[in-house]
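K.L.:
Numbers given in my numbering equal positions in the sequence shown, counted from 1, plus 82.
Glycine is no exception: its CB is placed at the ideal position from the N, C-alpha and C atoms.
The structure presented is a predicted model; accordingly, all values stated were derived computationally and were not measured.
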Amino acid sequence: MARGLANREPLEFRPLVASGAGTAQLLPSQRRGRPAAHALPRRGGPTVVPPIGLTAHGASGPDYVELHAKSFHSFGLGASHGHELLSRARALGMTALAMTDTNLCGALEFARLGQSLEIQPITGGELTLADESRVTLLAKTRAGYANLSRLFTLANEADRREPRLDPARLPEHAEGLILLAGGRHGALSRLAINGSQVEARCLLHRYRDWYGADSVYVELQQNLRREDAGRNHELAALARRCDAPLVATNDVHYHAPERFRLQHALVAAKRNTTIDQALRYIQPNHHQHLKSAEQMAELFREFPDALANTIRVAEQCRFNVAADLGYTLPEPVVPRGYTPETYLRRLCEEA
Numbered sequence: 083m084a085r086g087l088a089n090r091e092p093l094e095f096r097p098l099v100a101s102g103a104g105t106a107q108l109l110p111s112q113r114r115g116r117p118a119a120h121a122l123p124r125r126g127g128p129t130v131v132p133p134i135g136l137t138a139h140g141a142s143g144p145d146y147v148e149l150h151a152k153s154f155h156s157f158g159l160g161a162s163h164g165h166e167l168l169s170r171a172r173a174l175g176m177t178a179l180a181m182t183d184t185n186l187c188g189a190l191e192f193a194r195l196g197q198s199l200e201i202q203p204i205t206g207g208e209l210t211l212a213d214e215s216r217v218t219l220l221a222k223t224r225a226g227y228a229n230l231s232r233l234f235t236l237a238n239e240a241d242r243r244e245p246r247l248d249p250a251r252l253p254e255h256a257e258g259l260i261l262l263a264g265g266r267h268g269a270l271s272r273l274a275i276n277g278s279q280v281e282a283r284c285l286l287h288r289y290r291d292w293y294g295a296d297s298v299y300v301e302l303q304q305n306l307r308r309e310d311a312g313r314n315h316e317l318a319a320l321a322r323r324c325d326a327p328l329v330a331t332n333d334v335h336y337h338a339p340e341r342f343r344l345q346h347a348l349v350a351a352k353r354n355t356t357i358d359q360a361l362r363y364i365q366p367n368h369h370q371h372l373k374s375a376e377q378m379a380e381l382f383r384e385f386p387d388a389l390a391n392t393i394r395v396a397e398q399c400r401f402n403v404a405a406d407l408g409y410t411l412p413e414p415v416v417p418r419g420y421t422p423e424t425y426l427r428r429l430c431e432e433a
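The structure is reproduced here in structure tokens:
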């Protein structure tokens, strides 16, 4: 792997939006521009999501689903629409996909789109704590979704521009949630790689006390960065000592590798600077996209249980924000001769 990294082609930053899979639009245009398969169902029963382990076509499915993905709703991090992520996940044969944005703004739309594509939508979120570490939470139940919403509210009350959550609030709102601990930005990883093994074990035990032993997974990520392999081995050893399960994710920031240049531009835009000035915040390669089960199996061949456990997590997360909250978006009332989109455009132009 070191040889491959050393010989990789240097990054070029000239084109901000590369051609390739998906749309290059930053925001969706009028509904007629969105593929029919992504139309949001407004009324009527939800599309039945096939059981985990089966594809939408009834064949044996893969042994991996992505549990850590961001969309444009995570400004400055995600570089794909929710419908692009879901479409790509379907093309790769996934039966579920977790959206873990830094807010819940796109949760309802994501859930409805998932239903329309017969992919199980998992509602989650990534929260930054006061010490700058991050935690990823997935909603198992309605109570879990309520707790996740509350945690985001508390983080925004602390600082709306740069939300930060007091970690002391985590155990107060743990019911119905799954915690993915570790990863690149987790406090557990920081302790493990710094040799603070006793503190790392204590923290992992606290997590398991708060969420339950069956709802805490040690998250491994392999994006072909220099530090990934060492961190994964430290986390795996810690999980083994504490009898905690592993789970593999790709910390997805865009649906296809071609989108990484746009992600660079968004990182710079969030900081109101140029790409050159934002290089320290930019990902060093283009590997944080949705990958197939076969690609992930190769990356995590030392930890096959980490891939298999993604299916286990998806089976635990049966909450669906679109179907289980029992409400639908109201049909807007617009003047004769207008669609909701054209009337909104008129109002914006007149403002």
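Jot down the residue ranges of each uninterrupted beta strand (DSSP E) in the segment 172-241, minimum 3 residues, whole runs only, in chain order.
P.N.:
Taking only runs of at least 3 residues, the beta strand (DSSP E) segments lying wholly in the segment 172-241 are 178-181, 202-210 and 216-221.
K.L.:
Is residue 269 closer than 8 Å to residue 215 when the C-beta atoms are compared?
P.N.:
Contact flag set, yes.
K.L.:
Locate the alpha helix (DSSP H) running through residue 264, then write down its first and last residues.
P.N.:
No alpha helix (DSSP H) holds residue 264; the beta strand (DSSP E) holding it covers 259-264.
K.L.:
Put residue 337 into one of helix, strand or coil per three-state DSSP.
P.N.:
Coil, per DSSP.
K.L.:
Taking the Cβ atom as the reference point for each residue, do residue 221 and residue 259 lie within a distance shorter than 8 Å?
P.N.:
In this structure, residue 259 lies closer than 8 Å to residue 221 by Cβ.
K.L.:
Compute the Euclidean distance between the alpha carbons of residue 295 and residue 339, then round it to the nearest angstrom.
P.N.:
Residue 295 and residue 339: Cα-Cα distance of roughly 35 Å.
K.L.:
Bridge partners of residue 247, per DSSP?
P.N.:
Looking at the DSSP assignment, residue 247 forms a beta bridge with 211.
K.L.:
For a quick check, are the C-beta atoms of residue 257 and residue 238 less than 8 Å apart?
P.N.:
No; because the gap between Cβ atoms is not below 8 Å, this pair is not in contact.
K.L.:
According to DSSP, is residue 377 helix, strand or coil?
P.N.:
DSSP places residue 377 in helix when its eight states are reduced to three.
K.L.:
From which residue to which residue does the alpha helix (DSSP H) around residue 388 run?
P.N.:
Note, residue 388: alpha helix (DSSP H), 386-398.
K.L.:
Any idea what DSSP makes of residue 420, helix, strand or coil?
P.N.:
Three-state result, residue 420: coil.
K.L.:
Does the structure place the segment 319-328 close enough to the segment 351-371 that three or more beta carbon pairs sit under 8 Å?
P.N.:
Flag = no, the segment 351-371 and the segment 319-328 do not touch.
K.L.:
Please report the distance separating the alpha-carbon of residue 428 from that of residue 412.
P.N.:
When rounded, the distance between both Cα atoms is 20 Å.
K.L.:
When the distance is taken between beta carbons, is residue 303 closer than 8 Å to residue 462?
P.N.:
Absent from the model: residue 462. The displayed extent of the chain is 83 to 433, so no value can be given.
K.L.:
Mind checking residue 430: buried by the 16 CB within 10 Å criterion, or exposed?
P.N.:
Answer is exposed; the Cβ neighbour count stays below 16.
K.L.:
Would you call residue 305 buried or exposed, if buried means 16 or more other Cβ atoms sit within 10 Å of its Cβ?
P.N.:
Residue 305 is buried by the Cβ-count criterion.
K.L.:
Thinking residue 164 and residue 181 are a contact (beta carbons under 8 Å), I'd like their distance in whole angstroms, please.
P.N.:
Contact flag correct, Cβ pair sits at about 6 Å.
K.L.:
Considering Cα atoms alone, identify which of 400, 179 and 250 is closest to residue 213.
P.N.:
Residue 213 has its Cα closest to that of 250, out of 400, 179 and 250.
K.L.:
Between the segment 393-409 and the segment 184-194, can you find at least three pairs of beta-carbon atoms closer than 8 Å?
P.N.:
These segments touch.
K.L.:
Output yes or no for whether 8 Å exceeds the beta carbon distance between residue 371 and residue 336.
P.N.:
Yes. Within cutoff.
K.L.:
Using the beta-carbon count (16 or more within 10 Å), is residue 419 buried or exposed?
P.N.:
The residue is exposed, with fewer than 16 neighbouring Cβ atoms inside 10 Å.
K.L.:
Below 8 Å on the Cβ atoms is my contact criterion, and I expect residue 301 with residue 277 to pass it. Report the Cβ-Cβ distance as a whole number of Å.
P.N.:
Not a contact, Cβ separation roughly 20 Å.
K.L.:
Quick one: residues in its chain with C-beta nearer than 7 Å to the C-beta of residue 416, no 5 flanking neighbours on either side, listed in chain order?
P.N.:
So the qualifying residues of the chain are 422 and 425.
K.L.:
So residue 158 and residue 183 are supposed to be a Cβ contact under 8 Å. How far apart are they, rounded?
P.N.:
Contact doesn't hold; Cβ gap of about 12 Å is too wide.
K.L.:
Take residue 400 and list the residues in its own chain whose beta-carbon comes closer than 6 Å to its own, dropping the five residues that flank it on each side.
P.N.:
Same-chain partners within the cutoff: there are none.
K.L.:
Give the secondary structure of residue 302 by DSSP, where H, G and I count as helix, E and B as strand, and everything else as coil.
P.N.:
In this structure, residue 302 counts as strand in the three-state DSSP scheme.
K.L.:
Report the residue from 236, 298, 233 and 211 whose alpha carbon sits nearest the alpha carbon of residue 329.
P.N.:
The residue with the shortest Cα to Cα distance from residue 329 is 298.
K.L.:
Whole-angstrom Cβ separation of residue 153 and residue 167, contact assumed at under 8 Å?
P.N.:
That pair is a contact at about 6 Å.
K.L.:
Can you tell me whether residue 331 is buried or exposed, with buried defined as 16 or more other CB within 10 angstroms of its CB?
P.N.:
When all chains shown are included, residue 331 counts as buried.
K.L.:
Hey, could you find the ends of the alpha helix (DSSP H) residue 328 is sitting in?
P.N.:
First-last for residue 328: 328-331, but that is the beta strand (DSSP E), not the alpha helix (DSSP H).
K.L.:
Which one of 171, 208, 395 and 178 has the shortest CA to CA distance from residue 186?
P.N.:
When only C-alpha atoms are compared, the closest one is 208.
K.L.:
Output the boundary residues of the alpha helix (DSSP H) element that contains residue 286.
P.N.:
From DSSP, the alpha helix (DSSP H) with residue 286 extends over 279-293.
K.L.:
Given this structure, state the Cα-to-Cα distance separating residue 396 from residue 433, to the nearest angstrom.
P.N.:
Going by the C-alpha atoms only, they are around 45 Å apart.
K.L.:
Here's the rule: buried if 16 or more other CB atoms are within 10 angstroms of the residue's CB, otherwise exposed. What is residue 359?
P.N.:
Burial call: exposed.
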